[in-house]
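Going by the working numbering, the first residue of the sequence shown is number 4, and it counts up by one from there. Heads up: the structure comes next, in structure tokens.
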Amino acid sequence: GIPVATLIHRIMGNWQPDQTTFQQLVMSETDRDNVAHPYPFCLAHPIESVLPADYAFDEAAAFETALGPPPDWQAEWKWDGIRAQIVLRSGTLSIWSRGEELVTDRFPELASLREALPNGTVLDGEILPFREGSPLAFSVLQTRIGRKTVSAKQVKAAPVVFVAYDLLEEADQDLRPQPLRERRKRLEEMVRRLDPDVVQLSEIVPFGSWAELVTERLRSRDKVAEGLMLKRLDSPYHVGRKRGDWWKWKVEPFTIDGVLINAQKGTGRRADLFTDYTFAAWEDGKLIPFTKAYSGLTDAEIREVDRFIRRNTQDKFGPVRAVKPELVFEIAFEGIQASNRHKSGVALRFPRILRWRKDKKAEDANPLSDLKAMLASMNTDQ
Numbered sequence: 004g005i006p007v008a009t010l011i012h013r014i015m016g017n018w019q020p021d022q023t024t025f026q027q028l029v030m031s032e033t034d035r036d037n038v039a040h041p042y043p044f045c046l047a048h049p050i051e052s053v054l055p056a057d058y059a060f061d062e063a064a065a066f067e068t069a070l071g072p073p074p075d076w077q078a079e080w081k082w083d084g085i086r087a088q089i090v091l092r093s094g095t096l097s098i099w100s101r102g103e104e105l106v107t108d109r110f111p112e113l114a115s116l117r118e119a120l121p122n123g124t125v126l127d128g129e130i131l132p133f134r135e136g137s138p139l140a141f142s143v144l145q146t147r148i149g150r151k152t153v154s155a156k157q158v159k160a161a162p163v164v165f166v167a168y169d170l171l172e173e174a175d176q177d178l179r180p181q182p183l184r185e186r187r188k189r190l191e192e193m194v195r196r197l198d199p200d201v202v203q204l205s206e207i208v209p210f211g212s213w214a215e216l217v218t219e220r221l222r223s224r225d226k227v228a229e230g231l232m233l234k235r236l237d238s239p240y241h242v243g244r245k246r247g248d249w250w251k252w253k254v255e256p257f258t259i260d261g262v263l264i265n266a267q268k269g270t271g272r273r274a275d276l277f278t279d280y281t282f283a284a285w286e287d288g289k290l291i292p293f294t295k296a297y298s299g300l301t302d303a304e305i306r307e308v309d310r311f312i313r314r315n316t317q318d319k320f321g322p323v324r325a326v327k328p329e330l331v332f333e334i335a336f337e338g339i340q341a342s343n344r345h346k347s348g349v350a351l352r353f354p355r356i357l358r359w360r361k362d363k364k365a366e367d368a369n370p371l372s373d374l375k376a377m378l379a380s381m382n383t384d385q
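Here it is in structure tokens:
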């Protein structure tokens with residue numbers, strides 16, 4: 004037989020089951036292991052899953068208990084880009100997203116790596132929007148997502164670099180079983196020889212104590228990062244999401260209080276309940292819709308909100324019900340960008356309901372100007 008990790012590697016990328024026999028898939032040696040397929044990505048767990056519920060009262064102590072001494076760990080910024088592997092084998096450069104999509108043609112500024120990298124190299128990292136030595140917000144990169152190819156104008160408007168944080172293969176040698184400290188050493192040596200306008204080394208965040216790291220995390224938004232990554236220095240590069248060696252510690256999300264104004268029924272087991280909500284903020288005495296959210300409430304809260312909607316429907320537009328603007332919810336989101344498609348002029352990234360603000364009346368919800376101020380602040384930071 005073959006190791007599970009090898010089998011997973013063989014079916015990564017654009018593998019087609021109708022073009023491969025079972026014998027070819029499970030045989031011990033195959034040419035498939037040498038083609039430009041990515042390795043299965045190593046994924047991190049949220050650090051909160053291993054910390055006590057009240058860890059915020061003494062974060063440093065909670066980290067010491069859960070993770071042990073700081074010297075066992077490497078901290079990096081959690082970059083907000085597109086996770087990718089750059090694969091150069093047999094003279095062919097391939098760039099794969101975490102979703103196993105081949106995206107080589109979408110990032111022509113990385114094409115020079117075909118000549119710059121040694122043959123038999125696989126890098127893991129992040130495709131990051133980048134200009135004048137600094138990362139840009141993820142929203143800049145969205146203009147290039149979903150396109151088969153990009154124009155020179157689009158490349159100029161949303162330039163990228165590859166921020167490398169792991170070396171998985173060197174000179175055709177699989178480095179994944181080696182400890183992170185060794186892979187990092189080799190990565191640093193390789194990136195040192197590359198054009199910094201094309202590839203940058205993911206910055207290590209130095210810390211001597213967990214208390215220092217708690218303070219460093221507060222700088223995440225200044226770095227246009229989502230938070231921190233913690234990686235055990237003696238860990239191999241695992242297949243998939245293995246607990247204990249890679250942790251992600253994201254910054255607290257942005258929040259805004261919005262008024263529920265519209266609702267429609269969900270799908271699946273919630274097809275008979277109103278679970279899809281539209282929220283609005285105040286502007287000149289009127290409620291302006293700014294986002295939709297579908298998750299975040301408990302089952303009991305969903306049923307309670309459903310009863311309110313049925314009793315307080317003011318109008319109907321197909322499947323959508325306009326409801327009495329009375330309930331206030333705190334909405335969490337990861338980012339904000341300008342949008343001509345929305346009446347509010349903004350679009351939120353990953354919006355979800357954080358909690359039902361039963362302590363607030365509709366008039367206590369945030370004005371739309373608060374969202375626009377957040378947007379202006381983010382643009383200024385860039």
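We put the CB at the ideal spot given by N, CA and C, even for glycine.
- Cβ atoms of A47 and W249 come within 8 Å of each other, at about 4 Å.
- For L197, the CB contacts under 8 Å within the same chain, skipping 5 residues up- and downstream, are L116, A119, L120 in chain order.
- Within the model, the alpha-carbon separation for Q181 versus D225 is close to 33 Å.
- A direct Cα-Cα distance of roughly 29 Å separates T278 from G149.
- Exclusion of the five residues before and after I130 leaves G84, I85, A87, F110, V163, F165 as the residues of its chain whose Cβ lies within less than 7 Å of its Cβ.
- Note that the C-beta distance between K81 and K251 is below 8 Å.
- For E103, there is no enclosing alpha helix (DSSP H), since its DSSP letter is neither H nor E.
- Residue pairing for R244: DSSP places it in a beta bridge opposite L46.
- Assigned with DSSP and collapsed to three states, A140 falls in coil, not helix or strand.
- Ranked by Cα distance from P292, the options D108, P239, R344, S142 are led by R344.
- For K156, the uninterrupted alpha helix (DSSP H) segment begins and ends at 155 to 160.
- With a 10 Å radius around the Cβ and a threshold of 16 neighbouring Cβ atoms, L183 comes out buried.
- In the structure shown, the three-state DSSP call for I148 is coil.
- Taking 8 Å as the cut-off, the beta carbon of G299 is found closer than this to the beta carbon of L357.
- Within the same chain, no residue comes within 6 Å of A160 by CB-CB distance, once the 5 residues on both sides are set aside.
- Around the beta-carbon of S154, fewer than 16 other beta-carbon atoms lie within 10 Å, marking it exposed.
- By the C-beta density criterion, K364 is exposed, having fewer than 16 other C-beta atoms within 10 angstroms.
- Secondary structure at S97: strand, using DSSP grouped into helix, strand and coil.
- DSSP places L178 in the coil class of the three-state scheme, outside both helix and strand.
- Per DSSP, the beta-bridge partners of R134 are S137.
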